[in-house]
Every structure is written in structure tokens, then in C-alpha cells.
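J.: Got a structure for you, questions after.
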Amino acid sequence: MNKSFLTNLIATSVFAAGYYFEQPLALYGGLFALSGSLTNLLAVHMLFEKVPGLYGSGVIQARFEAFKLGIKSLMMDQFFTKENVDRFLNKEMSDGTAMNLEPVIEQIDFNPTFDGLVEVINNSPFGGMLAMMGGSEALAPLRQPFVEKMKTSVVEITQQDNFLEALKDQVEQPEMMGDITANIESVIEQRLDELTPEMVKEIVQKMIREHLGWLVVWGGVFGGVIGVISALVAA
2 MNKSFLTNLI ATSVFAAGYY FEQPLALYGG LFALSGSLTN LLAVHMLFEK VPGLYGSGVI
62 QARFEAFKLG IKSLMMDQFF TKENVDRFLN KEMSDGTAMN LEPVIEQIDF NPTFDGLVEV
122 INNSPFGGML AMMGGSEALA PLRQPFVEKM KTSVVEITQQ DNFLEALKDQ VEQPEMMGDI
182 TANIESVIEQ RLDELTPEMV KEIVQKMIRE HLGWLVVWGG VFGGVIGVIS ALVAA
């Protein structure tokens, strides 16, 4: 069962029971838990979807240009440096085998890209809400799934025929070797330009939406605790 739905169901049941049996602790605990879980559920939804009238919603799609720029910077700064390209191409050309960039990509550190995504979220209208749920540390469980998905996505880009063909065409022209990184950058830009806001949303959504469900759970837990405390104080 979806943990967000289960959290809301439990909170609603506790609230209903408290109201029916006139138990303030259950009433306030369930009400505040439901409020916290629904608020965080809406926040998770607003990360990915544009909601009319709610400023800042759809932040992932709105910042898709920054997301693409982050992928490009990662590939050019960590993988396609002049030294790495020269070493890799010399090996591949001497072996006479098809180019396979996956072993090299596996060595890339994708953590800076995740940190950039967290920074985007922190600087969005959801930053304050995220701070209430523990700040950036609340997103820490998403790091490894994000890194694994990014590696898979980058490998897929480099394995596409037009990418490999463009790379080989440049390698086969000795006079172009000095500008090989510039040509690779152009190919990467061309591939990234084919991305749409919807595609970027789906990429990020697949990586982190399941884990963001815990924000809903903890919203319900903390809301319930606050509700119980409020009931005790009111008594």
C-alpha cells in the first residue's frame, strides 16, 4: 500500500475516533497528523506539477534548464577533460574495438549533481517547508538512487548511435584532435537540447518520488506529536 495514502488513512481514522468518542488527545493528534501529512503530500506534488494559483509549484520543470546545464557540466568537467579524452581514445583506437564509455562513467562522481538538485529545492518556495522536516538531511536517502539513475542516463546518452558516430568522425580527423572536447561538448548540447521539461520531470520523478513519500509520513508523525502536545497544554 502507498505509504502516503496509509499515513493519511491512519491520521483520518484517529481524528474520526477522537471526534466520535470525544477524546481530545486522539482528536488533536489525528487532526494535526492529517494536516501535516496532507501539507507535505501537496508539497511533493507541487515539486513536479504546476498547480494554478500556487506560486512556485512545478519547480522541477521550471528549473529544467539548470538541470540540463548540471548534466553538461558534470560530463565535461569530470569525464570529457582533455586528459581523459586523449587517454581513452588512444586506448580505444589501438584496441580497434567498439567504443564503450560505461567503465569510465562508472568512475564519475555524480554527488555534486545531487547537491545541485538539493540546492535548487532549498532555494525554491519549498525550502522553508523542507527545513521544517530536517532540511537537506531529509533528502539524504535519495542520494544513492539519484546517483545510480544518473549513471544509467549518462551511459544511455553515450551509447546512442549518433553520439558514437559523431565522436568517431572527429577521432578519424587528425587535424581536429586539438578541438575534440569542443566537438564532444557540441554533441552533448545537441542531445540535451532534445530534452523537454516533461522529460526532465519524469527523470527526476522516477529517481526521488518514491523516497519523498517519507516526507508525508514524517509530516503526519510530527503533526500528530504537536497535536497531542497541544491537547495536553489546552487541558
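Counting from 1, position 180 in the sequence shown corresponds to residue 181 in the working numbering; the numbering is continuous, with no gaps. We put the beta carbon where it would ideally sit given N, CA and C, even for glycine.
With distances taken between CB atoms, is the gap from V121 to V45 smaller than 9 Å?
T.: In this structure, V45 does not lie closer than 9 Å to V121 by Cβ.
J.: Looking at L48 and L213, is the spacing between their C-beta atoms short of 9 Å?
T.: Yes; because the gap between Cβ atoms is below 9 Å, this pair is in contact.
J.: Quick one: residues in its chain with C-beta nearer than 7 Å to the C-beta of V155, no 5 flanking neighbours on either side, listed in chain order?
T.: If we look at V155 and ignore the five residues flanking it on each side, its Cβ neighbours are M76 and I106.
J.: Considering just the uninterrupted stretch of the alpha helix (DSSP H) at K4, what are its terminal residues?
T.: Its alpha helix (DSSP H) spans residues K4 to Y21.
J.: Could you give the residue range of the alpha helix (DSSP H) that holds M76?
T.: That residue, M76, is in no alpha helix (DSSP H); it is neither H nor E in DSSP.
J.: Below 9 Å between beta carbons: does that hold for Q160 and L102?
T.: Yes, the pair counts as a contact, with Cβ atoms nearer than the cut-off.
J.: Just checking my contact of G228 with G30 at CB under 8 Å: how many whole Å lie between their CB atoms?
T.: Right, their Cβ atoms sit about 4 Å apart.
J.: By the three-class DSSP mapping on this structure, what secondary structure does G225 have?
T.: Correct three-state label for G225: helix.
J.: Using a threshold of 9 Å, state whether the C-beta atoms of K150 and K73 are closer than that.
T.: Cβ distance not < 9 Å, so K150 and K73 don't count as in contact.
J.: Any idea what DSSP makes of P154, helix, strand or coil?
T.: With the sequence shown as reference, residue 154 is identified as Ser, and Pro is not the correct amino acid for it. If DSSP states are grouped into helix, strand and coil, S154 belongs with the helices.
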